[in-house]
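Protein chains in written order, with UniProt numbering: chain A, 1 to 782; chain L, 1 to 734; chain U, 1 to 292.
No residue lacks a Cβ here, since even glycine has one placed at the ideal position from N, Cα and C.
None of these values were measured; they are calculated from a predicted model.
Notes follow the structure.
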């Protein structure tokens, strides 16, 4: 038969197969390498440090686990968090992450590799990203073939949507969750295909791991039942489905209930009811099938009708009843806010206030997925072309995940894998089509001799791939893939078979088109790689603990105020000094300063947070009793006005006000913090409520003096702060970091003479006024 | 001869010098290669004859450096001159013709050559006053045209000075150097634009130098360092070369019973009298330097043991002490009496260098460093206020002998002395003012005719405390805990040193609160608070690699390091890498800061492989000197390579406690021996080195790669087996 | 001027306050007369206090008022809803310095048993952040009334009716269009459409309620994390076009029997792909300055 370019004929199938598998392994290795390497920007640009906020808690917990052992960790009560209340950590977290790094830690120490636990935590995410690539490869292999698998692995390895949550140092649950997600899905698909209880069980085990690792396990919990349901509705019920689902659900649910934080939720909350319902439905259908095999079809119709309907109604009623009785909890706020998008903003401002719970605009989609974002619909369509059960899974996944990703930036993470899978399927189909050397029989001269060199025959290229960039990796992957497609016999046979596969003559004539399309694809991939590198290095690789600016000479200048202040707290304050700050910084204070905090990033107690909000947003006189009641000894505020750090507390202030207002509507009102024109201002015409608020005072205390008479400018708000700075009577400036980003105030004790501190202060300064040079305080008193 | 050369070459590989010979050898004989690898980059002490041999060979090949004046040719030269062979020894001055006065200087100059006197004078200024070798070095690397000529001239001058004038080579300095104008060549016209013209002259000039015997480079460096350290108030001059006796409570001299010792003492007490005692107290922060000079006179022949008395609390404060004969370098042996609290003083016996005859005199110098001798007063100071310290000591220097006259000088760092006590009822010792202040110095005495004072009676009657209250401009630093771990790795040819420090500002505690505004304005106006420590400058060894500086929450990005190149072979390092180390926040009075500082140093700088005994000898410094700081407690651990045997160690001064344990780290299968020493109250004088020697058998070297190899291999083997096992119960065909 | 009339307030007088009985009586009567809502003029206003109303806000206000009118008398009569028209209350408006309408003021009792726990007697302003609907209004006002205002949304019969008919109609049509429903390509189109719309930021515009086009007529919103309604359609269109051209290459082109046509199509679709893609990238750079 005609081929577009000459193929070596002297290759035995064994050679082809071996070379292919070798190349596949090498490609996977390189992909893993690329995945890990591209996540190390943060470590190279800065240092091996834990990023952002939540990871600091995970890191702290892991340290406890590593030092004290698992049981200690299991019933660890942390008295320093949520100060008067404390927190039962063991029961209120997903221990999977800590357990993982704890195991790794002990393993390494067992073989005399005393690696620092911090480095393990920092490098966990990159390590698992390599595993994710592998899992994705397996998953996609089930969808199409190994070639698509390699492409998918390469994509997931470097796609920013996933890197954003898994750079070195972002030690968060998502770091391992995505791997678990993919491997669970893979096992599910495998189980479904083979109807093997073994794989069902494996899926259940990984599901358990997932439950122990991430709150997002609900996604699996609903995704798999949905798939099963759709299969049933499409009349694709089979014993394989029954076996797979039953084994997964039974074992998975029982296992998941072992996690203390989850407990009995799987049978009590609405999020899990879908799985239960589908489980029941499966039993019914299976039973129906059984009956059908025994009774004649006519009776069966009736029987089935009545039976199914009645049971269905019963089940529904039972569900309703239970919900009504309150035995089944309704949807939790976070979950519910996915459907009713207005819900969170109105009722749970804390959830709404988190930046990663905002909806996603299209640029961030494109930034995170680049050309995959429009490649994956094509992949979905291709899935529709041959609609096997597993393809249905991808389709459902695509739709659901894209909706979620649209609602919450954070859920982009769940969308990314399916995007990679689908677009890998699409792309590899394209490549298969255009690299496949066969030409359909048409009286037409093939320009075979012309371009034999340009594209070497697939599968015969045994040269090891060059490890430079993922682009080349995926290119090799493509070749390997083409190779992988060809196991059975010598090439010519394969070609014969592949040509006879379709009834209609199918294929590409000529060589130029092939070259053109392939080159086009390669360019696209290269651009994708460069984009990913750029995004990763510029957007996703800065640990928000350390800020980088550049000196006039262009060299990197590190702004390290957070750690400066935290370390000062750690070294020079009493062990039990309670630090109050907005909840964002709770985990960092606990992790770095090692001091008790009032509120932190696991926002389980709205009232407590509202209390802090109230203290921050009300005047000193009002706040002081609150502070004393919670025996706060230090208050920490973040102030970016001097160097223009925009993420500071004044910018978050409105959220504090809102949250406080939610609890004390008649003591804190949001409108009173705006100017009459309804603007949010800190300058001369800021509203009185604003200027008297503790937050405002602490932020701008003695800020004006820094400018020595000149007009003081807030470089974040771009507004000029009043000439006369605020004064403090109940607080004392304790420490201010080098760039004034972190300011720490000490809460004064009650006056020893029983006066209220304001008058005491005034008295003291009255005396001081005789002394030499006046300071602002005195000016304020005058 | 040939064999020698081989040996030289061989020694060269052992230095790790890369040359083809090494490769060829390794190709021919792998075992040979392994052997070489196993003593990686450890310098072997080249024996004398080896050096000779290599030099001869170099001479033969004619690539000997101009600058080395080997004695060889000198001998020939000498024989040629006086016809008799003069035994030439290094450093020994050979007696010349008797009548001839020994020349002290050598004058030499270049010929006039074509250069402007101005240009030449620059070079003249550059070399004037420098040691000649240093001057030659300067010329070698100078950019100027004339430099090479000057260099050769200097070289010749030096050579001549050594040979003809017999000046001692290492001491030669360029005492003077001047430029004189030579004859001007014919003038030339220089055409300019627009018919103008200039006149071009062609100057000649020459440089003349006078070489004299001056201080050697080492001496100058030492003086320089001494001066620097003297600048640092409260620190004493460092003398690395002097062994130190550390009067730590455990090392109470030889085991002698107190009673007989006392009898002994009583018997000797009469045999001396102090004609004069002068005590000088250099006040400082946490370290106070006390120098006491005893002018003693033997009152009976054959006196050879002199006894010194210290007040009890003085004794407790003293962390370092040495006794010397004035003007001599070698310290005398000191034997401590057992401390008993019934007598509130402590006696030490000093063994005099030679027996004193009757009425012969001798000046003894007692140097001590006192730690924790000062305390801040007032105890609190706000950010703006000054820092004042109080120092308290006894008025009289106790002595078991009668003292003619005695005087105590207390030198404050600055003239700003707030107050000092004026002692009362001294009428039977002095008539004029018992205490006087002049500039920064408070003088007590002279007090004349003081009876034997080392007895409770005198102490009860006359001894009284004196207190000096003075301003101090540097922060008072204490290192509450220093934990140093030195890890020796032969595979990495690396000595890793890691210090964990707990820094404490022992000055007055901060009154009120820290205001960043104040701090910034102070540093802006260059008037930093005296008790605030913004940064710390440390001297680290030269040639160190990947230095790291972090604390409990990660890397501290605010520090600067200037690395000095590693010292060339066979000579002491004279330069240091300077680390300017900034804490995360300025350390104010009473604040703490903990951090970890570590670096890798090339092992060859501090280790020597002694081929004869097959032992490695490694030098590990006890601490990095932190000027003016005292280390309250230190723990130094030295981790030897895995499988090290025959471990011996020689600490410069006895430790409070030391132990040996096993330490397991990366890729260890059996763990490494670890020596641990504990010290207290270390000062800059204690910045000495512990010497450790040990054997490492070949097997021990090979263990690590072997273990790793086995591990990997087993993993692969498992994989191979695992792939071939099939666990499916029945092969189903789907 | 549509704020010509203006309105309201709910105020809250303790019985005990009444030394002079008549204003209170007056209020009670007025309240009866306007079944729950008192018509004010500036005189009566001075007797009470100010507020206002707009046309679209009036019905919800009245709804709440009526709801309040249904509560038992003893509660009803120490708590009043009132409105003030701009026309007959300019002076008051000036007094309160009100520029805009509507405004809702809550005047708690200044003394007596009904003084709120917080002791704040200064008038509270109700902010319309969550719309002019009666529901939230009643809810928030209930915080100040002795008993919660028994307000319930009127049942929206029309909506239920349309839903019901819709369902029925669907069921009917289902029989005719069932072949379409059962065709996988229908579903494929739906799926792809959904995912395209979602990935082009539909939910963002939905949740943030961002306008279709910026008020300066610019259809591309400034800022990386922001977008207008029109961008959704444009971006979705671009994505769709790219996907289609890609699918053409994969699914249609190989089945061409004539080499010439095939080659033509390949070049065509590749061209389309490249061009549209570059358009997309440039658009992205508009949104994200300094993009790679």
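Kindly say whether residue 652 of chain A, judged by its beta-carbon, lies nearer than 7 Å to any beta-carbon of chain U. Look at residue 652 of chain A: its C-beta is not under 7 Å from any C-beta on chain U.
Would you decide whether residue 168 of chain A is buried or exposed? Buried here means 16 or more other CB atoms lie within 10 Å of its CB. Label assigned to residue 168 of chain A: buried.
Considering residue 142 of chain A, what are the terminal residues of the alpha helix (DSSP H) in which it resides? Its alpha helix (DSSP H) spans residues 117-143.
Among all the DSSP beta bridges, which residues are the ones paired with residue 595 of chain L? Per DSSP, L:501.
For a cutoff of 7 Å on Cβ pairs, would you count residue 47 of chain A as touching chain L? Taking 7 Å as the threshold, the shortest C-beta distance from residue 47 of chain A to chain L falls below it.
For residue 591 of chain L, decide whether its Cβ has a neighbour in chain A, counting only Cβ atoms nearer than 7 Å. Between residue 591 of chain L and chain A, the shortest Cβ-Cβ separation is below 7 Å.
DSSP state of residue 484 of chain L, grouped into three classes? Reduced to three states, the DSSP call for residue 484 of chain L is strand.
Please confirm if the region 489-507 of chain L is in contact with the region 587-602 of chain L, defined as three or more CB-CB distances below 8 Å between the two stretches. Short answer: they touch.
In this structure, does DSSP put residue 580 of chain A in helix, strand or coil? Three-state result, residue 580 of chain A: strand.
Is the shortest distance between the beta-carbon of residue 660 of chain A and the beta-carbons of chain U less than 7 Å? Closer than 7 Å: no.
Locate the beta strand (DSSP E) running through residue 273 of chain L, then write down its first and last residues. Boundaries of the beta strand (DSSP E) harbouring residue 273 of chain L: 272-282, taken from the DSSP string.
Whose C-alpha, out of L:426, L:593, L:692, is nearest the C-alpha of residue 449 of chain L? Closest option to residue 449 of chain L, judged by alpha-carbon separation, among L:426, L:593, L:692: L:426.
Compare the beta carbon distance of residue 622 of chain L and residue 688 of chain L with 7 Å and say whether it is the shorter of the two. A contact, by the Cβ cut-off of 7 Å.
Mind pulling the chain U residues with CB within less than 7 Å of residue 790 of chain A? Because chain A here runs from 1 to 782, residue 790 of chain A falls outside it and cannot be looked at.
Can you say whether residue 764 of chain A is buried or exposed, counting buried as having 16 or more other CB atoms within 10 angstroms of its CB? Exposed is the call here.
Whole-angstrom Cβ separation of residue 510 of chain L and residue 629 of chain L, contact assumed at under 8 Å? Actually they do not touch by this definition, with Cβ atoms about 19 Å apart.
C-beta contact flag for residue 120 of chain L and residue 207 of chain L at 7 Å: A distance below 7 Å separates the beta carbons of residue 120 of chain L and residue 207 of chain L.
Bridge partner(s) assigned by DSSP for residue 435 of chain L: Its beta-bridge partners are L:444.
Please identify, using Cβ separations under 7 Å, the residues of the region 661-692 of chain L that lie next to chain A, in order along the chain. Contact residues of the region 661-692 of chain L toward chain A are 664, 665, 666, 667, 668 (C-beta to C-beta distance below 7 Å).
Buried versus exposed, by CB contacts within 10 Å (16 or more), residue 386 of chain A: Per the 10 Å Cβ criterion, exposed.
Count the other C-beta atoms from every protein chain shown that fall within 10 angstroms of the C-beta of residue 235 of chain U, then say buried if there are 16 or more, exposed otherwise. Residue 235 of chain U sits buried, since 16 or more C-beta atoms from the chains shown fall within 10 Å of its C-beta.
Which runs of the alpha helix (DSSP H) fall wholly inside the region 344-376 of chain A and span at least 4 residues, in chain order? Within the region 344-376 of chain A, the runs of alpha helix (DSSP H) that reach at least 4 residues and sit entirely inside it are, in chain order, 349-353, 362-369.
Go through the region 205-277 of chain A residue by residue and report every complete run of the alpha helix (DSSP H) that reaches 4 residues or more, in order. The DSSP assignment places complete alpha helix (DSSP H) segments of no fewer than 4 residues inside the region 205-277 of chain A at 217-233, 239-256, 265-268, in order along the chain.
Let me know the secondary structure DSSP gives residue 531 of chain A once reduced to three states. The DSSP-derived three-state label of residue 531 of chain A is helix.
For the region 504-525 of chain L, which residues have a beta carbon sitting closer than 7 Å to at least one beta carbon of chain A? Of all residues in the region 504-525 of chain L, 513, 514, 515, 516, 517 have a Cβ within less than 7 Å of some Cβ in chain A.
Selection from A:142, A:283, A:212, A:425 that minimises the alpha carbon distance to residue 238 of chain A: Closest by alpha carbon: A:283.
Within the same chain, show all residues whose beta-carbon is closer than 7 Å to that of residue 382 of chain A, passing over the 5 residues directly before and after it, in chain order. Around residue 382 of chain A: 425, 426, 429.
Relative to the C-alpha of residue 458 of chain L, which residue among L:399, L:446, L:468, L:440 is closest? For residue 458 of chain L, the nearest C-alpha among the options comes from L:399.
Chain A within 7 Å of residue 224 of chain U, Cβ atoms only: Judged by the 7 Å Cβ criterion, residue 224 of chain U is in contact with chain A.
Step through the CB atoms of chain U and report whether any lies within less than 7 Å of the CB of residue 668 of chain A. The beta carbon of residue 668 of chain A does not come within 7 Å of any beta carbon belonging to chain U, so the residue lies off that interface.
Could you pull out every unbroken alpha helix (DSSP H) segment of at least 4 residues lying fully inside the region 648-685 of chain A, listed in chain order? As far as the region 648-685 of chain A is concerned, its whole alpha helix (DSSP H) runs of at least 4 residues are 649-663.
Is any beta-carbon of chain A found at less than 7 Å from that of residue 549 of chain L? It does not; no Cβ of chain A falls within 7 Å.
Using a threshold of 7 Å, state whether the C-beta atoms of residue 738 of chain L and residue 308 of chain L are closer than that. Nothing about residue 738 of chain L can be reported from this structure: the residues present for chain L run from 1 to 734 only.
Do residue 633 of chain A and residue 577 of chain A count as a contact pair if the criterion is CB distance below 7 Å? Yes, they are a contact pair.
State yes or no: is the beta carbon of residue 637 of chain L nearer than 7 Å to at least one beta carbon in chain A? Closer than 7 Å: no.
Please tell me whether residue 734 of chain A has its Cβ less than 7 Å away from any Cβ of chain L. For residue 734 of chain A, a Cβ of chain L is located within less than 7 Å of the residue's own Cβ.
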